[in-house]
Amino acid sequence: EGEIMGHVDLRGHNNSAIDHRALLGLGVSRHFRRQGLATKLLEFACGWANENRPLEWIDIEVPAVNQPAVALYLKNGFEKKCEIPDLYRIDDAPESVIRWAKNIG
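Position in the sequence shown counted from 1, then plus 4, gives you the numbering used here.
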């Protein structure tokens, strides 16, 4: 009905030394959450990346407080690489970010 339910994108880098990695962007509109859409979007992105070499890794950053996203990436084979405290300041409050990666190669 013309309403955007969610989005997924893979962004390459402007550095040929890291052409084998892409940064994932994924989001689901609040009205459509908890219906499995994020899993379907993630599966689509991983499948596309797997078919489009030279991609071998998918990376993503997730706010540490976003527990549904943390669970999604854990469930789908992403590995926690690091947590960066106070990376962002939202409403003057420090927000930590977790960096995840998945090897698809």
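Idealized CB from N, CA, C, for every residue including glycine.
Cβ neighbours of Lys106 within its own chain (closer than 6 Å, five residues either side excluded): Ile62, Gly81, Phe82.
In this structure, the alpha-carbon of Val12 lies about 12 Å from that of Ile64.
Between Pro67 and Val101, the C-beta spacing is below 8 Å.
The alpha-carbon separation between Arg38 and Val32 amounts to approximately 9 Å.
Taking C-alpha positions only, Cys50 is separated from Glu87 by approximately 23 Å. Val32 is bridged by DSSP to Gly10. Beta bridge pairing from DSSP links Val66 with Ile102.
Spatial neighbours of Tyr77 in its own chain (CB-CB distance under 6 Å, excluding positions within 5 residues in sequence) are listed in chain order as Trp104. Counting only the Cα atoms, Gly40 lies some 27 Å from Arg57. Counting only runs of at least 4 residues, the segment 68 to 94 fully encloses the following alpha helix (DSSP H) elements, listed from N- to C-terminal order: 71 to 79.
Judged by DSSP in its simplified three-state form, Asn19 adopts coil rather than helix or strand.
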